[in-house]
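Residue numbering for the sequence shown follows the working numbering, starting at 382 and increasing by one per position. See structure below.
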Amino acid sequence: METHNKLVIGIASRALFDLSASHEVFEQEGVEAYCRYQIEHEDDPLEPGVAFGLTRKLLALNQPGSVQRVEVILLSRNSADTGLRVFNSIRHHRLGIERAVFTRGESPYRYVPAFGVHLFLSADPADVRQALESGYAAATILPSNVGRNETDQLRIAFDGDAVLFSDEAERVYKAGGLAAFSDSEVQAAREPLSGGPFKNFLAMLHHIQAEYPADSAPIRTALVTARGAPAHERVIRTLRHWGIRIDEALFLAGMDKGPFLEAFGADIFFDDQSKHCESARQHVATCHVPHGIANE
382 METHNKLVIG IASRALFDLS ASHEVFEQEG VEAYCRYQIE HEDDPLEPGV AFGLTRKLLA
442 LNQPGSVQRV EVILLSRNSA DTGLRVFNSI RHHRLGIERA VFTRGESPYR YVPAFGVHLF
502 LSADPADVRQ ALESGYAAAT ILPSNVGRNE TDQLRIAFDG DAVLFSDEAE RVYKAGGLAA
562 FSDSEVQAAR EPLSGGPFKN FLAMLHHIQA EYPADSAPIR TALVTARGAP AHERVIRTLR
622 HWGIRIDEAL FLAGMDKGPF LEAFGADIFF DDQSKHCESA RQHVATCHVP HGIANE
């Protein structure tokens, strides 16, 4: 089964399931105690983690007898021994995950290129940074109040600068302030921004959306940005230039993003700035993208 025509997600076990109890054993008592704990509890299904809803809805895009649009691959720092509990939990929750890597404490990032992963989600910031530095979309899953989108539609929200787009505009803001940023964006309104680490992931979502009528697509996307007018035009023209659809665009001019993400019903949100992640994670599943000038 080839993966090059699919959306491929690499996900760590701590993003998929709630491993807080066993991780506490690891932190307090060490590796051997953690291994014993996982083996003793390997028949106890793990509860859903922050990215469980995202995973379930992505896999639901694969209907029996139709084209398989998505593959989710487990990339775990567990050993095969301790990972058995994770696989048992995958079976318990009826998730269609067949491929897995268990690295026994080593970074699983090095398998991201081999699998052709379009998005890597991990609880380990070092693994995420390695993936981003190598040109892959990656994010650190944060402890979050998971939102209440009970529909089958998958709703994904993105920040703009340093996530969907490069951080070129954000660098102007950091160097010269809001006035310099606004002036620069007005002058460059018709110059498309360069792509950021999540451009290709958004393009893959758009490719799946394009297979459905616009009013019945199983995926809905949103741009939720701290930009406001007049810095909106360049963003809109950039997406138009790329030929990539975004369903909703929220230009908040600095307002807290959390309540708006809850109103959108985001299953997951990606942002490069910790302050926005802090607001967002009170409302929806949130991932930090440690990319761009805000994270240097």
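Glycine included, each C-beta is placed from N, C-alpha and C at the ideal position. Computed from a predicted structure; not experimentally measured.
In this structure, how does DSSP classify D628 when only helix, strand and coil are distinguished?
DSSP places D628 in coil when its eight states are reduced to three.
Just to confirm the assignment, what range does the alpha helix (DSSP H) spanning L642 have?
Per DSSP, L642 belongs to the alpha helix (DSSP H) from 639–645.
State the start and end residues of the unbroken beta strand (DSSP E) segment that holds A520.
Where A520 is concerned, the enclosing beta strand (DSSP E) stretches over 518–522.
Segment contact, 8 Å Cβ cut-off, at least three pairs: the segment 634–650 with the segment 504–519:
The segment 634–650 vs the segment 504–519: no contact.
Put H669 into one of helix, strand or coil per three-state DSSP.
Of the three classes helix, strand and coil, the one that applies to H669 here is strand, per DSSP.
Please report how far the alpha carbon of R491 lies from the alpha carbon of W623, in whole angstroms.
One alpha carbon belongs to R491, the other to W623, and they sit about 30 Å apart.
Check whether the segment 418–425 and the segment 460–473 touch, using three or more Cβ-Cβ pairs below 8 Å as the test.
These segments touch.
Please state whether DSSP places G411 in a helix, a strand or coil.
Per DSSP, reduced to three states, the secondary structure at G411 is coil, with no helix or strand assignment.
Do you know whose CA, among P640, G434, G446, V406, lies nearest V453's CA?
Restricting attention to P640, G434, G446, V406, the CA atom closest to the CA of V453 is found in G434.
List the residues that DSSP assigns as beta-bridge partners of E479.
None, per the DSSP bridge assignment.
P671 versus D540, H473, G635, L559, residue with shortest Cα-Cα distance:
With respect to the C-alpha of P671, the residue from D540, H473, G635, L559 having the closest C-alpha is D540.
Is DSSP giving F546 helix, strand or coil here?
When DSSP states are grouped into helix, strand and coil, F546 belongs to the strand group.
Span of the alpha helix (DSSP H) around G464:
Counting along the chain, G464 sits inside the alpha helix (DSSP H) bounded by residues 461–473.
With three or more C-beta pairs closer than 8 Å as the rule, is the segment 513–528 touching the segment 648–668?
A contact between stretches requires three or more CB pairs, one per stretch, nearer than 8 Å, and the segment 648–668 meets this requirement with the segment 513–528.
From which residue to which residue does the alpha helix (DSSP H) around G687 run?
This structure gives no information on residue 687, because the portion of the chain shown stretches from 382 to 677.
Rounded separation between V451 and V498 - CA only
Looking at the backbone, the Cα of V451 and that of V498 are separated by about 11 Å.
Are the CB atoms of P573 and T606 within a distance shorter than 7 Å?
Pairing T606 with P573 gives a Cβ-Cβ distance that is not under 7 Å.
Can you tell me which of the three DSSP states S417 falls into?
In the sequence as presented, Ser is not what sits at residue 417; that position holds Arg. Residue state, collapsed to three classes: helix.
Assumed close pair A675, Q654 - CB separation to whole angstroms, cut-off 8 Å
Sure, about 5 Å apart at Cβ, within 8 Å.
Whether L502 touches A481 by CB criterion (7 Å)
The Cβ atoms of L502 and A481 do not sit closer than 7 Å to each other.
Does chain C have any CB closer than 7 Å to the CB of I537?
This model lacks chain C altogether; it includes just one protein chain.
Spatial neighbours of S660 in its chain, beta-carbon cut-off 8 Å, leaving aside the 5 residues before and after
Around S660: D637, K638, G639.
Looking only at DSSP bridge pairs, what is D652 linked to?
Answer is H669.
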